[in-house]
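**Student:**
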Amino acid sequence: MPFFKLFLLLVLEITLFSQTYSFTELRYSDAIGRYSKVDGIIEFKKNGLKIIYPIEKKELDYDGKSIVFLSKGQKLPLPSEQERYMMYYFEILKLLHSGNEKELKENFTVEKKASHTVLIPNGMLSYYLDFIELTEKDLSKLDYVKLFFKNKDTISIHIDDEIH
Amino acid sequence: MKYINYLVLLFLLLSAFFLKDSIHISTNLLSLFASKENLVKLDIADKLGYSKEMLIAVKGLNSQSKEEVKELVHQLKKLPEVTMVQSSIIPTKEIQEYYKNNYYLLADFNTSSYNQELIHKKLQGLYEKQLHSFFYTSVSKNDPLEIFSLKQVTNTSSSTHKGTLLTLGEYGYLIRVRTNVSASDMNQAKLLYDKLANLFHHYSNITAFAPFFYTVENSAAIKADVSNIVLISTFLLFFVYYILIRNIKLLFHTVLALASSMLFATLLTTTLFENFHILSLAFGISLSAVSIDYLLHYYFHDFYTGKSKFDKDVFYGFLTTVIAFGILSFIPIRLISQISIFSVFSLSFAYVIFTFVFPYLKIQKYEETTHQIKSSFTIKNYWVFVISLLLYIYTFSQFHLDTNLRNLDYQNTKLQVAEKLFKTANENKLFPVIVEAKNKEELLERLELVKKNVHQSISFSSFVLSEKKCQEKLETLKKYDFNYLNKLLNEEANDIGFKKDYFKESYKNINVLTCELPPLDMFKIFSLSFYSTGKKIYTIALVDDKSKIQKFAFVSDLDVKKMFQKATDAMYKYLTIFGGIVLVVILLLLYFTVQKRFLYALNYILFPSALSMAVVTTFYNVNIMHLFALIILVAIGIDYGIYMSNSHQKSNTMKAIYYSLLSTFSAFGVLVFSQIIALNSIGFVISIGCIAVFFLIKVMK
Chain A
6 MPFFKLFLLL
16 VLEITLFSQT
26 YSFTELRYSD
36 AIGRYSKVDG
46 IIEFKKNGLK
56 IIYPIEKKEL
66 DYDGKSIVFL
76 SKGQKLPLPS
86 EQERYMMYYF
96 EILKLLHSGN
106 EKELKENFTV
116 EKKASHTVLI
126 PNGMLSYYLD
136 FIELTEKDLS
146 KLDYVKLFFK
156 NKDTISIHID
166 DEIH
Chain B
17 MKYINYLVLL
27 FLLLSAFFLK
37 DSIHISTNLL
47 SLFASKENLV
57 KLDIADKLGY
67 SKEMLIAVKG
77 LNSQSKEEVK
87 ELVHQLKKLP
97 EVTMVQSSII
107 PTKEIQEYYK
117 NNYYLLADFN
127 TSSYNQELIH
137 KKLQGLYEKQ
147 LHSFFYTSVS
157 KNDPLEIFSL
167 KQVTNTSSST
177 HKGTLLTLGE
187 YGYLIRVRTN
197 VSASDMNQAK
207 LLYDKLANLF
217 HHYSNITAFA
227 PFFYTVENSA
237 AIKADVSNIV
247 LISTFLLFFV
257 YYILIRNIKL
267 LFHTVLALAS
277 SMLFATLLTT
287 TLFENFHILS
297 LAFGISLSAV
307 SIDYLLHYYF
317 HDFYTGKSKF
327 DKDVFYGFLT
337 TVIAFGILSF
347 IPIRLISQIS
357 IFSVFSLSFA
367 YVIFTFVFPY
377 LKIQKYEETT
387 HQIKSSFTIK
397 NYWVFVISLL
407 LYIYTFSQFH
417 LDTNLRNLDY
427 QNTKLQVAEK
437 LFKTANENKL
447 FPVIVEAKNK
457 EELLERLELV
467 KKNVHQSISF
477 SSFVLSEKKC
487 QEKLETLKKY
497 DFNYLNKLLN
507 EEANDIGFKK
517 DYFKESYKNI
527 NVLTCELPPL
537 DMFKIFSLSF
547 YSTGKKIYTI
557 ALVDDKSKIQ
567 KFAFVSDLDV
577 KKMFQKATDA
587 MYKYLTIFGG
597 IVLVVILLLL
607 YFTVQKRFLY
617 ALNYILFPSA
627 LSMAVVTTFY
637 NVNIMHLFAL
647 IILVAIGIDY
657 GIYMSNSHQK
667 SNTMKAIYYS
677 LLSTFSAFGV
687 LVFSQIIALN
697 SIGFVISIGC
707 IAVFFLIKVM
717 K
């Protein structure tokens, strides 16, 4: 499933309260047994959000209605099925960004552990995702967000800094 | 004998008491206008839940309206009458599970063979993507080569949702609700309506629409309207009967006789006919008041105190009216045929009572008072004839038919605006059709045929395969060597660097697939259900182009507007034919009855009808009720024509007609004050007709 990284970014947003920040994503693919790394910037806008991958020169711009995909400044089409799935996750991102605890609890079962917090998805997400682990640097800032997929893939996202 | 009037009513009341279980009265308005075939169709659609959907729009696409959507969904789910609430495009868990388990059967299968080189190329691409893609993409263990492709069905287009929430264009968010309340079930509809009104009261920016809202709101408005009309009418009738006749005994017996004739006709029609409609009953009862003509004519001509035992004029008047209604009772328009049958019974009964029973009631002779009815200004009857013809020419030049039956109903503008909002903002243009078959398997096969013939559709065949198609699919899959494919796949994957045995299970369970029909209930979120009568099974399919499947006899169109359009066209056709027959018969009877005074008598038919139609066509489009009222006007006019032509005591005849006109206006004319177009139209035509007859009495020579 694409764009789970966005999912974790939104989790970061709850604590950080920043509108734009950079991140590093470390991905583990169980199919090939290897890790890969990407760097990016996420910006929360009034009705949507934008994710930029500076090295790859790629952008995803969601205005709350549709997603525009830009590759090296050129607009490319996204398959409608893929766009639909991406929107599910972008909406959850926005939910976490809004900090609506009531709604968060509607979508996840939240378990607080000694060193981290675990979010177990309810509903459709549970088909693809086992759980999300949030590790805090201190009381107010997230350090790592780790997604554990059903297919044994993982994605770890590390918040590098905030951009204002 | 002087108690006979009481005994007749008593006998009828006793009969009513004993026959009460055999009385059938229908309240289904559709049954009056739609054909039997369309009624069956609408009933099936109702059973399939077609009219049970409610749409709620929350204005604005902002976080506040989004919050309201969530609250509303939560509240709606608590209502026992609500069976489904959808506000999001996310498929249900059940449907996701169904897709997962039946992936190989439901997905399109690319039968092109994969050789070693192709597999290598595909896997290499997948490997590179895992390492270098900036999007996270998972690797499918079941179908890494993507030789199956499945497009999940949604009941929304991309422009009808914002994020994951359903929207109504740019207006706001949309909630689709399915209830178990049918638009024809008044009690259930009222119960849910009140609950919803209580719930919606807390939200200022929502608009809701469901077909059953019309049932509740319109019937309340119609009830209030009819109550007012009945009140005015009753008051006027008593005023006319008492103040003008000034004979309490006569008034009392007249009311008894009218009540008896109405009861007689009611008992006969409601026990002999199935589904006799309450509206026909109401009209029929009003029409019974026309029989007061006979009494007034008898009374003012001293029939009850004189020696004469038979009045030719009254008999001819009665006969022509009854023959006219008798012919109309064969018209294939239920409302008109039912009213005509009722009128034949009630007028005949009233005629018998007024002619043969009243002479025994010892009614005092009418005391003449001086009434100046005839005006000093007069017009020759041939001029009236010419004016009538000119008015008819004018009418034909202005004539426009209103073919929309809904215009006859109470005009609930608030609901019409809400309905329009949902129709105009909905960009998902799929139209419903009913598909029928002998059993589920045949139904699914037919739905597959429908799907094949249109560009876009939503039906059970979007999710479920017929046994036949499923077996064909299994046969196709069996022919493909998935074991060999699995072997090649794993060899290549190992070479490229995938984890050992990662694709060990790929394409493995295809050989054990079976064709099992899932529980079809899970697709109700797409408004899909089926209804079985035992002999036949029905479902609704939504298609983008109905014309492409019209050739199939098992498909019937569910366009209510079109159905009524067809029904209305047929009504006008029948009304023209039967109206023509009635007119010819009346003219013949009139000629034989009045002979030399034919033109004079004819004017009592021509002038009132011409004047009323000229006024109607000036201000309105002509509807079916205007035409029906015209027939009533002609039937009444003929009586007056005969009385006036043959009368030897002109002043008494004029007085009788004058009072009779007031009585007719009290029964029908007051309908002009109604807000229901159907009733208002009748009232309008009859009122102008009454004025025209009054004018003729005063001035025609």
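If you read the protein sequences in the order shown, they are chains A and B.
Adding 5 to a residue's 1-based position in the first sequence gives its number in our numbering.
Adding 16 to a residue's 1-based position in the second sequence gives its number in our numbering.
Ideal placement from N, C-alpha and C gives every residue a C-beta, glycine not left out.
Out of curiosity, what's the CA-to-CA distance linking Val330 of chain B and Val242 of chain B?
**Tutor:** Numbered from its first residue, the second sequence carries residue 330 of chain B at position 314. Numbered from its first residue, the second sequence carries residue 242 of chain B at position 226. Distance between the alpha carbons of Val330 of chain B and Val242 of chain B is about 32 Å.
**Student:** Counting along the chain, where does the alpha helix (DSSP H) carrying Leu182 of chain B start and finish?
**Tutor:** Taking the second sequence and counting its residues from 1, the one referred to as residue 182 of chain B is at position 166. From DSSP, Leu182 of chain B is part of no alpha helix (DSSP H) but of the beta strand (DSSP E) over Leu181 to Leu184.
**Student:** Based on the DSSP secondary-structure assignment, which residues constitute the bridge partners of Tyr172 of chain A?
**Tutor:** Here chain A comprises residues numbered 6 to 169, so residue 172 of chain A is not present and cannot be evaluated.
**Student:** Measure the CB-CB distance between Asp309 of chain B and Ala672 of chain B and report whether it falls below 9 Å.
**Tutor:** Sequence index remark: in the second sequence, residue 309 of chain B carries index 293 (1-based). Sequence index remark: in the second sequence, residue 672 of chain B carries index 656 (1-based). For the pair Asp309 of chain B and Ala672 of chain B, the CB atoms are nearer than the 9 Å cut-off.
**Student:** Under the three-state reduction of DSSP, which class applies to Leu30 of chain A: helix, strand or coil?
**Tutor:** Locating residue 30 of chain A in the first sequence gives position 25, counting from the first residue. Per the sequence presented here, residue 30 of chain A reads as Glu, with Leu not at that position. Reduced to three states, the DSSP call for Glu30 of chain A is strand.
**Student:** Under 6 Å Cβ to Cβ from Leu622 of chain B, same chain only, skipping five residues before and after it: list those, please.
**Tutor:** Residue mapping note: residue 622 of chain B aligns to position 606 of the second sequence, counting from 1. These residues qualify, in order along the chain: Ser404.
**Student:** What is the DSSP secondary structure of Ser175 of chain B, reduced to helix, strand or coil?
**Tutor:** Taking the second sequence and counting its residues from 1, the one referred to as residue 175 of chain B is at position 159. Caution applies to Ser175 of chain B, whose pLDDT of 48 falls short of 50 and renders its modelled position unreliable; the model cannot decide the point.
**Student:** Going by DSSP in three states, Arg262 of chain B sits in which element: helix, strand or coil?
**Tutor:** The residue you call residue 262 of chain B lines up with position 246 of the second sequence. Coil at Arg262 of chain B, not helix or strand.
**Student:** If you draw a straight line from the alpha carbon of Asn118 of chain B to that of Tyr547 of chain B, how long is it in whole angstroms?
**Tutor:** Locating residue 118 of chain B in the second sequence gives position 102, counting from the first residue. Locating residue 547 of chain B in the second sequence gives position 531, counting from the first residue. Near 25 Å, if we compare the C-alpha coordinates of Tyr547 of chain B and Asn118 of chain B.
**Student:** Anyone know if the C-beta pair for Tyr616 of chain B and Gly657 of chain B falls short of 9 Å?
**Tutor:** On the second sequence, position 600 is the one that residue 616 of chain B refers to. On the second sequence, position 641 is the one that residue 657 of chain B refers to. Going by C-beta atoms, Tyr616 of chain B is nearer than 9 Å to Gly657 of chain B.
**Student:** Closer than 9 Å, Cβ to Cβ, to anything on chain B: give me those residues from the stretch 35–48 of chain A, in chain order.
**Tutor:** If the cut-off is 9 Å between Cβ atoms, the stretch 35–48 of chain A has Asp35, Ala36, Ile37, Gly38, Arg39, Ser41, Val43 and Gly45 near chain B.
**Student:** Taking 9 Å as the threshold (C-beta atoms), are Gln204 of chain B and Phe289 of chain B in contact?
**Tutor:** Position 273 of the second sequence, counted from the start, is the residue given in the question as residue 289 of chain B. Position 188 of the second sequence, counted from the start, is the residue given in the question as residue 204 of chain B. No, they are not a contact pair.
**Student:** Spatial neighbours of Ile60 of chain B within its chain, please: C-beta separation below 7 Å, excluding the five flanking residues on both sides.
**Tutor:** Translated into positions along the second sequence, residue 60 of chain B becomes position 44. Closer than 7 Å at the Cβ level, and outside the excluded window around Ile60 of chain B, lie Ile450, Tyr547 and Tyr554.
**Student:** Let me know the secondary structure DSSP gives Asp135 of chain A once reduced to three states.
**Tutor:** In the first sequence, the residue the question calls residue 135 of chain A occupies position 130. Assigned with DSSP and collapsed to three states, Asp135 of chain A falls in strand.
**Student:** Could you compute how far the alpha carbon of Asp418 of chain B sits from the alpha carbon of Asn637 of chain B?
**Tutor:** Here the question's residue 418 of chain B lines up with position 402 in the second sequence. Here the question's residue 637 of chain B lines up with position 621 in the second sequence. Roughly 5 Å separates the two Cα atoms.
**Student:** Start and end of the alpha helix (DSSP H) containing Phe27 of chain B?
**Tutor:** For this step, residue 27 of chain B is matched to residue 11 along the second sequence. Element bounds for Phe27 of chain B: Ile20 to Leu35.
**Student:** Quick one: does Phe689 of chain B have its CB under 9 Å from some CB of chain A?
**Tutor:** For this step, residue 689 of chain B is matched to residue 673 along the second sequence. No, Phe689 of chain B does not count as interfacial toward chain A.
**Student:** For Ser413 of chain B, does the count of other Cβ atoms within 10 angstroms reach 16, so buried, or fall short, so exposed?
**Tutor:** Taking the second sequence and counting its residues from 1, one reaches residue 413 of chain B at position 397. Exposed: under 16 other Cβ atoms inside 10 Å.
**Student:** Considering only the beta carbon of each residue, do Leu377 of chain B and Lys265 of chain B sit closer than 9 Å?
**Tutor:** Indexing the second sequence from 1 puts residue 377 of chain B at position 361. Indexing the second sequence from 1 puts residue 265 of chain B at position 249. Yes, these two residues count as a Cβ contact at 9 Å.
**Student:** From the beta carbon of Leu77 of chain B, is the nearest beta carbon of chain A less than 9 Å away?
**Tutor:** Numbered from 1 along the second sequence, position 61 holds the residue referred to as residue 77 of chain B. Yes, Leu77 of chain B counts as interfacial toward chain A.
**Student:** Going by other Cβ atoms of all chains shown within 10 Å of its Cβ, with 16 needed for buried, is Lys93 of chain B buried or exposed?
**Tutor:** Mapped onto the second sequence, residue 93 of chain B falls at position 77. The residue in question, Lys93 of chain B, is exposed, as its Cβ has fewer than 16 Cβ neighbours within 10 Å.
**Student:** Please determine, among B:Ile707, B:Val571, B:His317 and B:Ala273, the residue with the shortest C-alpha to C-alpha distance to Ser667 of chain B.
**Tutor:** One-based indexing of the second sequence puts residue 667 of chain B at position 651. The residue with the shortest Cα to Cα distance from Ser667 of chain B is B:His317.
**Student:** Could you list which residues in chain B have their beta carbon closer than 7 Å to that of Ile160 of chain A, in chain order?
**Tutor:** As a first step, residue 160 of chain A is located in the first sequence; it is residue number 155 there, counting from the start. Within 7 Å of the CB of Ile160 of chain A, the CB atoms of chain B belong to Tyr152, in sequence order along the chain.
**Student:** Distance cutoff 9 Å, beta carbons only. Does Met6 of chain A sit that close to anything in chain B?
**Tutor:** What you label residue 6 of chain A is simply residue 1 of the first sequence in a count that begins at 1. Legend: pLDDT at Met6 of chain A = 35, less than 50; position of this residue unreliable, value from coordinates given subsequently. Using a CB distance cut-off of 9 Å, Met6 of chain A counts as an interface residue toward chain B.
**Student:** Run down chain D in chain order and give the residues with a C-beta less than 8 Å from the C-beta of Asn156 of chain A.
**Tutor:** Although the question refers to chain D, the structure presented lacks it and instead comprises the protein chains A and B.
**Student:** Against Tyr132 of chain A, what residues of chain B qualify as contacts under a CB-to-CB distance less than 7 Å, listed in chain order?
**Tutor:** Here residue 132 of chain A corresponds to residue number 127 of the first sequence, with the count starting at 1. Within chain B, the residues near Tyr132 of chain A are Gln112.
**Student:** Which word fits Gln146 of chain B, buried or exposed, when buried means at least 16 other C-beta atoms lie within 10 angstroms of its C-beta?
**Tutor:** On the second sequence, position 130 is the one that residue 146 of chain B refers to. Its Cβ being crowded by 16 or more others within 10 Å, Gln146 of chain B is buried.
**Student:** Going straight from the alpha carbon of Gly685 of chain B to that of Ala645 of chain B, what length do you get?
**Tutor:** Translated into positions along the second sequence, residue 685 of chain B becomes position 669. Translated into positions along the second sequence, residue 645 of chain B becomes position 629. Those two C-alpha atoms are separated by around 11 Å.
**Student:** Give, in chain order, every residue of the stretch 504–519 of chain B whose Cβ lies closer than 8 Å to some Cβ of chain A.
**Tutor:** If the cut-off is 8 Å between Cβ atoms, the stretch 504–519 of chain B has Gly513, Phe514, Lys515 and Tyr518 near chain A.
**Student:** For the structure I just gave you, are there three or more beta carbon pairs, one from the stretch 30–39 of chain B and one from the stretch 184–202 of chain B, closer than 8 Å?
**Tutor:** Verdict: no, contact absent.
**Student:** Taking only the alpha-carbon atoms, compute the straight-line gap between Ala340 of chain B and Tyr314 of chain B and give it to the nearest angstrom.
**Tutor:** Translated into positions along the second sequence, residue 340 of chain B becomes position 324. Translated into positions along the second sequence, residue 314 of chain B becomes position 298. The straight-line gap from Cα to Cα measures roughly 22 Å.
**Student:** Tell me which residues share the same chain as Ile581 of chain B and place their Cβ nearer than 7 Å to its Cβ, disregarding the 5 neighbours each side in the sequence.
**Tutor:** Along the second sequence, one-based indexing puts residue 581 of chain B at 565. One point to set straight first is that residue 581 of chain B is Gln, not Ile, in the sequence displayed. Closer than 7 Å at the Cβ level, and outside the excluded window around Gln581 of chain B, lie Thr419.
**Student:** How should Phe479 of chain B be labelled, buried or exposed, when 16 other C-beta atoms within 10 angstroms of its C-beta is the threshold for buried?
**Tutor:** In the second sequence, counting from the first residue as 1, residue 479 of chain B sits at position 463. Under this definition Phe479 of chain B is a buried residue.
**Student:** Assuming Ile46 of chain A contacts Thr25 of chain A under a Cβ cut-off of 8 Å, what Cβ separation, rounded to an integer in Å, is found between them?
**Tutor:** In the first sequence, counting from the first residue as 1, residue 46 of chain A sits at position 41. In the first sequence, counting from the first residue as 1, residue 25 of chain A sits at position 20. Confirmed, Cβ separation roughly 6 Å.
**Student:** For Ile556 of chain B and Leu58 of chain B, I'd like the C-alpha separation in whole angstroms.
**Tutor:** Counted from its first residue, the second sequence places residue 556 of chain B at position 540. Counted from its first residue, the second sequence places residue 58 of chain B at position 42. Distance between the alpha carbons of Ile556 of chain B and Leu58 of chain B is about 12 Å.
**Student:** Rounded to a whole number of angstroms, what is the C-alpha to C-alpha distance between Ser628 of chain B and Thr231 of chain B?
**Tutor:** Position 612 of the second sequence holds residue 628 of chain B. Position 215 of the second sequence holds residue 231 of chain B. In a straight line, the C-alpha of Ser628 of chain B is about 33 Å away from that of Thr231 of chain B.
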